[in-house]
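Undergrad:
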Amino acid sequence: MIFDRVHIDGFGIWRDLDLEELDPGLNVLLAPNEGGKTTLMTFIRSVLFGFPRRGDPQRYEPLRGGKHGGHIDLSAEGGHYRITRSADGTSSGSMQISDNEGSSLPENKLADLLRNTTKELFENVFAFGLAELQRLDTLQKDEVAGHIYSAGMASGGQDPIGFRQWLRKERDRLYLPRGRKQAVAEKLLEISTLQKEIDPLQQLPEEHASLLQQGRSLGERLAEVDLIMATRQSQLDAARRAQRAWRDYEDLLAAESALKALGVPLAAAGGDPADAGTVDAGSGEGEMSPPPPRPNTETSDPAELLPPSQRALLRESGRIRTLLAAAPRLRELRAAIQKSLTDADTAQSALQTHLKDLGEGWDTERIRTTTTGLKEREKIRQFAEDMRQVESEIESISVRAADAHDAYETIVTRREPVSREAVMLTWAMAVAFTFISAVVVPPVARLVTTSAVGAIGAMTGIIVMWLRHRGRQQMRDERLAAADRETTLWAQHEDAQKSFGEIEDKWQAWLTSQGLDTGLGTDGALDLLDRIREAQEQERRHGESSASAEKATGELTVACGRVNALFESLRRDQISLQAGLQEAVEPLLGELEALQAELEAAEDQGMRLRTVVDQYAQARAALRAVSGEEGPEALRTRLEDLDPDQIERQVQDAEVEVAAASARRDGLNEQLGGVRERRTHLEGDAELADLLQAREQKRSDLAGLLEKWAGYTVAGVLFDLAKQVYEEQRQPEVLKLASRYFEAMTSGRYARVLAPLGETRLEVEEKKGGRRKGPEALSRGTSEQLYLAMRLALAAVYAKQAVPLPLVADDILVNFDDTRAVSTATLLGEFAAQGHQVLAFTCHSHLADVFTAQVPGAKLIQLPKPV
Amino acid sequence: MQPFSFLHCADVHLGAPFRGLTSVSPELGAHLRDAPAAAFTRLVTAAVEHQVAGFIIAGDLFDAADRNLRAQIKLRDQLVRLHEAGISTFVTAGNHDPMGGWLSSIRYPDSVHFFGPEVTALPLQRDGETLANVYGVSFNRPEVKDNLAVEFPVEPEGPFSIGVLHASVGDRSEHAPYAPCSLQDLQSRRFDYWALGHVHKRETLHGERPIIHYPGNPQGLHINETGPRGGTLVEVASTGTISLTPIWSDVVRWHRLRTSIDGMESVDDLLGVFNQTTSAIVGEASECLHILRWTLTGGGPLHAELRRPDTGRDLTETLRAEYASPAEPGTVWLERLDLATRAARNMRALREQQDLLGDFLRLAEELRSSPPAPPDHEIGTGKLFGPEPESSTAVREAVAMLLEDRRVRAAMGDDPWTIADWPRLVAAAESLAIKWLSSGEE
């Protein structure tokens, strides 16, 4: 957009001001102070964007007449337009836009031409005076700032500065050099605390070595003490030994003198020559040499020390006593023999008498072979019984037969009373015969008797039959019955008789078998047996007595033989047994008793000897037992020079010394135990390993923290580098242009204008050294140059992006030094030459001269003096 | 020749603590504490079971700096076991257990042979017959920078010769270059077997005679020592054939797992992967306690869930409680959960943006590809660094105050802190920048 002409109808001091044929490049408008430059600039703003509201000093109501307002003719986008602004009662006034034909155009055409540039932007960037130039905020309005600061940021961008701050905060939370509260510092503290625990444990090997050394040293000391202890103990043992041995020693001495008294040499009593020697001479040599083998006093018999006769007695003491014990028996035997012989004679006489009584045919032999035992007797009694039974039966039958006969007779008697007597007679006869045959008649006659009885029976039967026949008439039936009965009975009677006969036969046969006379009845047989038995008894007695005498004689002979054998073994005279045993008994026994007396004497002697020898042996054994390794001889020798009091003192002294040594040893052992326990503890102590592991874990924690810290640090470094790249390479075009302009204006003193990343402020960078500073650090002139450069740049960019707008600058060089003023003027000339119309107002003619001198094509316009 | 065998191990680091763990339960702590000793015990047991003739320890048996008495007592106990089994032990001292670091107060069995600072040969015998000559040399100070390999004879004697050396062979920038030597130095010496120590990773540098072998360490001690660890059973046949068999001894095994969340919809999907992985890990060595570092990468729907402030911690606690309680063999302890996921955004596009974030990301990329040179230049192997980008310099200067902080250095002990993992640091920085500077939603 180029302003071709500006016409003011009435605006402030201006009335009918007409600036024609403005140059499309640089126009320098010169006017004195109060010459209306600012009013003119305000007029241009007002035409384009409306009058300021009433009361605003910028409103510039006409002071010298004319209608408030005017118009600007401008060229844009190939067309020519007139913009007319005039007061119409509204605050901002009315605006008309028309083309070069004069045709009115819609009001919004102006906005189109301005590309909707706001009044604010125009005032900030394109139409400014010193006041605006020096104000930073005019560049920080969003619309402007967007061009300056946000270009090149991430798309939509978050908060890069926040990120940087966060990184720093997080990093510093972890670690700061010499910091104490940060996580790393805390972890370091934990590690150093652990290390304090570890350090002493790592000295353990030294302690261990030292303990080993101590152990060895203690061991050596202990060995020394042990040696001393052993010596003291052996002294104590010796003293105690002497004490214990004292009584045995005394016993030994007593036994030795007893032996002497008994005339037994010590050597024979189980002692040895060395013993004897020490007793007598106390030979030192003897003590040293080992004792010769000695008889075993435990098993040898002290009786060996008695005279041979006594020894023989003692040897035979058992036999002697046995035989003496048998003495009453010997006497008994002697008496028994006499009695037995007498008994035998008596029995013999009695036997002879019995044999005579028994008569011929009986001798000792027959007596001996005849059996007279119970069996035989019983047999006889059986025969007697059998006979009696049969006889009794016969009698019974006879009675009943008689009764039957009587009955018959009664029947008969009624006719023949006599017959009663006949019956009676018959019965009596029968009885008499039976009695005779059974009892009175000797067995030899028995057979005859039986016949007689049979005859009697037959007679009787005839009588009966006769009687029966007599009664038949009266009581025929009765008589017949009675007769029958009687007949039957008599038949029975006959059978019985027959049985009796058989028994008799058997009896005879038995007697024969027994070698007895067949004529004997049972009673006689029994009597005979009794007598034989008597004889047998005598015969037996004789035999027994003879045997007793014989047996006792034998025993006596043996016993006497034994006694003699004993005498023989004792080499004593034997008693002749030929003279008669019985006579020899008493002398034998007498000798035996004498032997017993001798034996007892020998035993007494042996006993005494045994006691002394035992005492001697016991004393020696006790002494030997007590002496232990010292040996009995040495002990004895020692004892010879001591007495119990001395020994007691020795014991007490030694005990004290042993106790002292023991206490030292216990102390050392305790120390050694402590050392060993500590050493074992150290060797198994896992605490160091645990702590090392714990430290390692802390280190891992620390490494984690360090790595985290490093992550933040790396991110920070990368961010700073990226920011640097950004600030160098991705500054908005505005800043790039501004840098160029500013460099030109400052003759190369400053190389760059930049907006630090994420900040809405500017910095300049000195070309030399790259030092950066903010505008506040610049001088007034330099800061004005910076802002001018920024505005030029913005205008240039705006021209490119939106629309080129004329730049109206009101006396902006006043604070510039000459050089910068020249440079700036030159720059503005170049800027204008690039198609940016510039209206530079000044009240200084020298500045106008600068412009015209530096910019050959510049149009100088001397503003007229206001009317 | 007589067939025989020996066990070769190194870098046992008895009593050394585990590194890099932040929080562990007391049970797990006790288990870890005893792990190097337990691993060594396993090797000793294996040696006894295989009736080896010799037991060779190529340095760094323990960390002398720890001055851990218990560790050395436990070591002594194990050496006594070998002695009682009739096995001779040959020990060289390394940089962690130089000769002065051995406690003189502890007595070792007669069958334990320690090499001195000069190369010496000791016979390995069985029943009075010499099976091999064992040559070895010890570090007499922690930092031996001399080439010790060249001290060994070129023509060793004996029916079989073993060289025992704690050394950094070849170019190994990741290991302190102690007793540095070249492979050629070792190959040119007519040894049958070089028993090396110092490098913790199992590696056979030369498979033909002379066999040159690092058995690795018997127990991994930190996350960079993953996988099975142990010693090597070396069997020499009557024909002279040498065969190597690993004897795994680790009781705690380290693992790294990376899982991409691409396409995952829920935390359950993630737990499924974890479950599957841990099952596989445990199945591989059920007698070990497993320590796992799990890094989640990729992007997708789960990312937003994982980005929530407590998600990582909650997930870690859940997995620990579920898989590693109580701490015992056959369980898995989640050591750390690294969340390296990102929204499904196009990093390249962001990086090409012509704005502050684009500048940031481009600078980050530049830093990633040329990290700052290590502050201690002399440890480098003489490589010339090219002109350093401004970002690297700036970062190095920025972290220097911490790296050089005396308190920090003292606290980190033998293991001075270095920025170990540049890509992770840079990624963290990128992530922060994207969060703060990008306009897009995450």
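Each protein sequence line maps, in turn, to chains W and A. With the first sequence counted from 1, adding 360 to any position gets you the numbering used here. With the second sequence counted from 1, adding 24 to any position gets you the numbering used here. The beta-carbon is built from N, C-alpha and C at its ideal position, and this holds for glycine as well.
#1: Measuring alpha carbon to alpha carbon, tell me which of V115(A), I97(A), V161(A), R105(A) ends up nearest R131(A).
#2: Measure from the C-beta of I458(A) to each C-beta in chain W and report whether the shortest distance is under 8 Å.
#3: How about S129(A): is its C-beta nearer than 8 Å to some C-beta of chain W?
#4: Below 8 Å CB to CB, which residues in the same chain sit around S262(A) once its five sequence neighbours on both sides are set aside?
#5: What three-state label does DSSP hand E1125(W) in the structure shown?
#6: Check the Cβ-Cβ distances between P1224(W) and every residue of chain A, and say whether any is below 8 Å.
#7: List the residues of chain W that G44(A) touches, going by C-beta distances under 7 Å, in chain order.
#8: Examine chain A for any beta-carbon lying closer than 8 Å to the beta-carbon of F1176(W), and answer yes or no.
#9: Name the residues in the stretch 1029 to 1045 of chain W whose C-beta lies less than 7 Å from a C-beta of chain A; which are they?
#10: Around the Cβ of S351(W), are there at least 16 other Cβ atoms within 10 angstroms (buried) or fewer (exposed)?
#11: State yes or no: is the beta carbon of L358(A) nearer than 8 Å to at least one beta carbon in chain W?
#12: For L379(W), which residues of its own chain have a beta-carbon under 6 Å away from its beta-carbon, when the five flanking residues on both sides are left out?
#13: Should P392(W) be flagged as near chain A, meaning a C-beta pair shorter than 8 Å?
#14: Starting from the beta carbon of R13(A), find every residue of chain W whose beta carbon is closer than 9 Å, and list them in chain order.
#15: Taking 8 Å as the threshold (C-beta atoms), are L1146(W) and L1154(W) in contact?
#16: Would G623(W) be called buried (16 or more neighbouring beta carbons within 10 Å of its own) or exposed?
#17: Quick check: what's the CA-CA separation for I727(W) versus D717(W)?
#18: If we ignore side chains and look at the alpha-carbon of each, how far apart do L1048(W) and S284(A) end up?
#19: From A117(A) to S135(A), what distance separates their C-alpha atoms?
#20: Once DSSP output is grouped into helix, strand and coil, what is the label at N484(W)?
#21: Rounded to whole angstroms, what is the Cα-Cα separation between H440(W) and S451(W)?
#22: Closer than 8 Å, CB to CB, is K1083(W) near chain A or not?
#23: What are the boundary residues of the alpha helix (DSSP H) that includes R728(W)?
#24: If we define contact as Cβ-Cβ less than 8 Å, is G1071(W) a contact residue for chain A?
#25: Do you know how far the Cα of L571(W) is from the Cα of G1034(W)?
#26: For V945(W), count neighbouring Cβ atoms within 10 angstroms of its own Cβ and tell me buried if that reaches 16, exposed if not.
#27: Applying the 10 Å Cβ sphere with the 16-neighbour rule, what's the burial state of I403(A)?
#28: Which residues bound the alpha helix (DSSP H) around H32(A)?
#29: Within this structure, are the beta carbons of L38(A) and F86(A) separated by less than 8 Å?
#30: Let me know the beta strand (DSSP E) ranges lying completely inside the stretch 153 to 178 of chain A, each 3 residues or longer, listed in chain order.
#31: Using the C-alpha atoms, what's the distance from T69(A) back to A219(A)?
#32: Keeping to the same chain, check which residues put their C-beta closer than 8 Å to that of P466(W); ignore five residues upstream and five downstream.
#33: Can you give me the start and stop residues for the beta strand (DSSP E) that D364(W) sits inside?
#34: Against chain A, with Cβ distances strictly below 8 Å, would Q1057(W) count as a contact?
#35: So, at 7 Å on beta carbons, what are the nonlocal neighbours of D274(A) in its own chain, with the 5 sequence-adjacent residues on each side left out?
#36: What are the residues of the stretch 1136 to 1165 of chain W that lie near chain A, defined by any Cβ-Cβ distance shorter than 8 Å?
TA: Working from what's here:
#1: Ranked by Cα distance from R131(A), the options V115(A), I97(A), V161(A), R105(A) are led by I97(A).
#2: Not an interface residue.
#3: True, the Cβ-Cβ gap to chain W drops below 8 Å.
#4: M25, Q26, P27, listed in sequence order.
#5: Annotated three-state conformation of E1125(W) is strand, per DSSP.
#6: With 8 Å as the cut-off, P1224(W) does not count as an interface residue toward chain A.
#7: Listed along chain W are S1060, each with a C-beta nearer than 7 Å to that of G44(A).
#8: No, its Cβ sits nowhere closer than 8 Å to a Cβ of chain A.
#9: Listed by position along the chain: L1042, E1043, G1044, D1045.
#10: This structure gives no information on residue 351(W), because the portion of chain W shown stretches from 361 to 1227.
#11: L358(A) is outside the set of residues whose beta carbon lies under 8 Å from a beta carbon in chain W.
#12: When the five nearest sequence neighbours on each side are left out, the beta carbons in the same chain lying within less than 6 Å of the beta carbon of L379(W) are those of V366, in order along the chain.
#13: Using a Cβ-Cβ cut-off of 8 Å, P392(W) does not count as an interface residue toward chain A, since no Cβ of chain A sits closer than that to its own.
#14: Since the first residue of chain A shown is 25 and the last is 466, residue 13(A) is not available in this structure.
#15: Cβ distance not < 8 Å, so L1154(W) and L1146(W) don't count as in contact.
#16: Exposed: under 16 other Cβ atoms inside 10 Å.
#17: A straight-line Cα-Cα distance of about 12 Å links I727(W) and D717(W).
#18: Rounded to the nearest angstrom, the gap between the Cα atoms of L1048(W) and S284(A) is 41 Å.
#19: Cα to Cα, A117(A) sits roughly 17 Å from S135(A).
#20: N484(W): helix per DSSP, three-state reduction.
#21: Cα to Cα, the separation comes out at about 27 Å.
#22: Closer than 8 Å to the CB of K1083(W) there is at least one CB belonging to chain A.
#23: Here the alpha helix (DSSP H) through R728(W) covers 724 to 729.
#24: It does; some Cβ of chain A falls within 8 Å.
#25: Near 10 Å, if we compare the C-alpha coordinates of L571(W) and G1034(W).
#26: With 16 or more other Cβ atoms inside 10 Å of its own Cβ, V945(W) counts as buried.
#27: With a pLDDT of 34 at I403(A), under the threshold of 50, the modelled position of that residue is not reliable, and no figure is offered here.
#28: That residue, H32(A), is in no alpha helix (DSSP H); its beta strand (DSSP E) goes 28 to 33.
#29: Result yes, Cβ atoms of L38(A) and F86(A) sit closer than 8 Å.
#30: Taken in chain order, the complete beta strand (DSSP E) segments of 3 or more residues contained in the stretch 153 to 178 of chain A are 153 to 160.
#31: Each residue's Cα considered, the two are about 20 Å apart.
#32: Close CB contacts of P466(W) within its chain, under the 8 Å cut and outside five residues either way in sequence, are with I457 (chain order).
#33: Per DSSP, the unbroken beta strand (DSSP E) holding D364(W) starts and ends at 362 to 371.
#34: Q1057(W) counts as touching chain A.
#35: Once the five neighbours on either side are set aside, the close Cβ partners of D274(A) are A63, P242, Q243, G244, P252, R253, G254, C312.
#36: Among the residues of the stretch 1136 to 1165 of chain W, none has a Cβ less than 8 Å away from any Cβ of chain A.
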